[in-house]
Amino acid sequence: MSEPLGNPPATNQAPPAEPLTKKVDTNAPVASEENPAPEVVPTAETKDVKAKVEKPKKKTPEWIVNYNLISGGLWGFILINVLILAVLYGQPGLFELSSFWLTVTQCLAVTEIYNAAVGNVRSPVVTTTMQISSRLLIVLGVLQVLPNSPANFSWIYFTLCIAWSITEVIRYYYYAVNILTEGNPPYILKWLRYSTFLVLYPLGISSEWGMLYLSLNEAKETVGVVYWAFFIANLAIYFPGSYVMYTYMLKQRKKALNPKKKVAEEQKKTN
């Protein structure tokens, strides 16, 4: 006999499991040669973020802050000392009582060449070396090697000390405050840093030239013709060298006191 029609017999078998595969939307566009994936165009913001991630800013060593503060203090001492000695004693007492500290303080600036060379600061190595070398020529080559030079007892020595000391007090304290404020020093300090050189640099460089010129005879008589010729060569390159330094500082002033233009130039470079 056949089984009667109706509901199927009950069994213990479980229903088949649903497939685990994910349903694919066949209507979604697929990237291919004819239909490439949309290209992501980097914006200025993404470029800036990428640059910051790839090139982290190097942190300035903490000891440089102390170096700047100490150097600024030493130059401040020289400025006050020279002014007092000039009033009380005049020359030659001014030179005799101030030349030691002037020499020591200026020699400490050799540290700046090292800092520029290893990247502790962003100063160019060439211009830093040029400026410090010209000053070392004066304090070592004239003040120490030729202590009896008439240049040391002239008032050119006084103008030299004034130009150097005012410049360095402003410069070193600006550097220290700039680091401590993470690049946001008071505007008046920034303005002094990038404006006083307009007068002080010509005064200082002409005083250096005068010190060498007045020491020519003493160099020949005390050391020899070779030393005299060395002074002549330096006198010849002083003015073209000072032109390079002065124009460089003018460019630095323009960048520092016109931040909007500086930002526009940096964005132009990144693009």
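Here the sequence shown stands for residues 1 to 271, where the numbers follow UniProt numbering.
Every residue gets a Cβ at the ideal spot worked out from N, C-alpha and C, and that includes glycine.
task: Flag this pair as yes or no: are the beta carbons of I132 and I113 separated by less than 8 Å?
output: Counting from 1 along the sequence shown, the entry for residue 132 is found at position 132. Counting from 1 along the sequence shown, the entry for residue 113 is found at position 113. Yes. Within cutoff.
query: At what residues does the alpha helix (DSSP H) containing P150 begin and finish?
result: Looking up residue 150 in the sequence shown gives position 150. Looking at the DSSP string, P150 is not in any alpha helix (DSSP H), and its letter there is neither H nor E.
- prompt: Is S71 near C161, with beta carbons less than 8 Å apart?
  reply: The residue you call residue 71 lines up with position 71 of the sequence shown. The residue you call residue 161 lines up with position 161 of the sequence shown. No.
- prompt: Do the region 76-83 and the region 161-178 make contact, defined as three or more Cβ pairs closer than 8 Å?
  reply: Here the region 76-83 lies against the region 161-178, with 3 or more beta-carbon pairs under 8 Å apart.
- request: Name the residue from Q252, Y246 and Q106 whose alpha carbon lies nearest to the alpha carbon of P202.
  value: One-based indexing of the sequence shown puts residue 202 at position 202. The option with the nearest alpha carbon to P202 is Y246.
field: Whether A163 touches L214 by CB criterion (8 Å)
entry: Numbered from its first residue, the sequence shown carries residue 163 at position 163. Numbered from its first residue, the sequence shown carries residue 214 at position 214. Against a cut-off of 8 Å, the Cβ pair of L214 and A163 comes out as no contact.
query: Are there three or more Cβ pairs, one per stretch, closer than 8 Å when the region 141-151 is compared with the region 210-227?
result: The region 141-151 vs the region 210-227: in contact.
task: Can you tell me the Cβ-Cβ gap for A256 and Y194, rounded? I've got them flagged as a contact below 8 Å.
output: Sequence index remark: in the sequence shown, residue 256 carries index 256 (1-based). Sequence index remark: in the sequence shown, residue 194 carries index 194 (1-based). Going by Cβ atoms, the distance from A256 to Y194 rounds to 5 Å, so yes, they are a contact pair.
message: Please report the distance separating the alpha-carbon of T46 from that of K254.
response: Taking the first residue of the sequence shown as 1, we reach residue 46 at position 46. Taking the first residue of the sequence shown as 1, we reach residue 254 at position 254. In this prediction, T46 scores a pLDDT of 49, lower than 50, which makes its location untrustworthy; the coordinate-derived value is nonetheless stated afterwards. Distance between the alpha carbons of T46 and K254: 28 Å.
- prompt: What's the call for V110, buried or exposed, on a 16-neighbour Cβ count within 10 Å?
  reply: Looking up residue 110 in the sequence shown gives position 110. V110 is exposed by the Cβ-count criterion.
query: Under 8 Å, do L94 and V82 count as touching if we go by C-beta distance?
result: Your numbering for residue 94 matches position 94 in the sequence shown. Your numbering for residue 82 matches position 82 in the sequence shown. Yes, they are a contact pair.
message: Using a Cβ-Cβ cutoff of less than 7 Å, which residues in the same chain neighbour Y175 once the five nearest sequence positions on both sides are dropped?
response: Translated into the one-based positions of the sequence shown, residue 175 becomes position 175. Here the set comprises N68.
- request: Check V126 in the structure and name its three-state DSSP category.
  value: Within the sequence shown, numbered from 1, the residue matching residue 126 stands at position 126. Helix, per DSSP.
task: Rounded to whole angstroms, what's the CA-CA distance from S123 to V142? Just pull it up for me.
output: Counting from one through the sequence shown, the residue named residue 123 turns up at place 123. Counting from one through the sequence shown, the residue named residue 142 turns up at place 142. If you take the alpha carbons of S123 and V142, they lie about 27 Å apart.
- prompt: So which of Y173, L108, A117 and Y238 has the shortest CA-CA distance to V139?
  reply: Start at 1 with the first residue of the sequence shown, and residue 139 comes out as number 139. Out of Y173, L108, A117 and Y238, L108 has the C-alpha closest to the C-alpha of V139.
- prompt: Considering only the beta carbon of each residue, do I179 and T60 sit closer than 8 Å?
  reply: Position 179 of the sequence shown, counted from the start, is the residue given in the question as residue 179. Position 60 of the sequence shown, counted from the start, is the residue given in the question as residue 60. Result yes, Cβ atoms of I179 and T60 sit closer than 8 Å.
query: What are the start and end residues of each continuous beta strand (DSSP E) run of 3 or more residues lying completely inside the region 157-221, in chain order?
result: When DSSP assignments are scanned along the region 157-221, no uninterrupted stretch of beta strand (DSSP E) that is 3 or more residues long falls wholly within it.
task: Figure out for me which residue from K190, F153, M211 and M130 has the closest Cα to the Cα of Y248.
output: In the sequence shown, counting from the first residue as 1, residue 248 sits at position 248. The shortest C-alpha separation from Y248 is found at M130.
Buried or exposed by the 16-neighbour rule on C-beta atoms within 10 Å, applied to Y243: Start at 1 with the first residue of the sequence shown, and residue 243 comes out as number 243. Answer is exposed; the Cβ neighbour count stays below 16.
- prompt: Exposed or buried, E182, counting other C-beta atoms within 10 Å across all chains shown (16 or more means buried)?
  reply: As a first step, residue 182 is located in the sequence shown; it is residue number 182 there, counting from the start. Exposed: under 16 other Cβ atoms inside 10 Å.
message: Just to confirm before moving on: does the CB-CB distance between residue 280 and N234 stay below 8 Å?
response: Residue 280 is absent from the model: the chain starts at 1 and stops at 271.
Proximity to I80 [Cα-Cα], best of S207, G241, E221 and W101: As a working mapping, residue 80 is identified with position 80 in the sequence shown. The shortest Cα separation from I80 among S207, G241, E221 and W101 belongs to W101.
query: Secondary structure at K251, three-state DSSP: helix, strand or coil?
result: Within the sequence shown, numbered from 1, the residue matching residue 251 stands at position 251. Helix, per DSSP.
Coil, strand or helix - T111 by DSSP: Here residue 111 is taken as the residue at index 111 of the sequence shown, counted from 1. In the structure shown, T111 adopts helical secondary structure according to DSSP, grouped into three states.
- request: Tell whether a beta-carbon distance below 8 Å holds between Y238 and I205.
  value: As a first step, residue 238 must be located in the sequence shown, where it is residue number 238. As a first step, residue 205 must be located in the sequence shown, where it is residue number 205. It is a contact, given that the beta carbons lie within the stated cut-off.
query: Which residue from V65, F158, G90 and A116 puts its Cα closest to that of M211?
result: One-based indexing of the sequence shown puts residue 211 at position 211. Measuring from the Cα of M211, the nearest candidate turns out to be F158.
field: Simplified DSSP state of P259, which is helix, strand or coil
entry: By one-based count along the sequence shown, residue 259 stands at place 259. Look at P259 here: in three-state DSSP terms it is helix.
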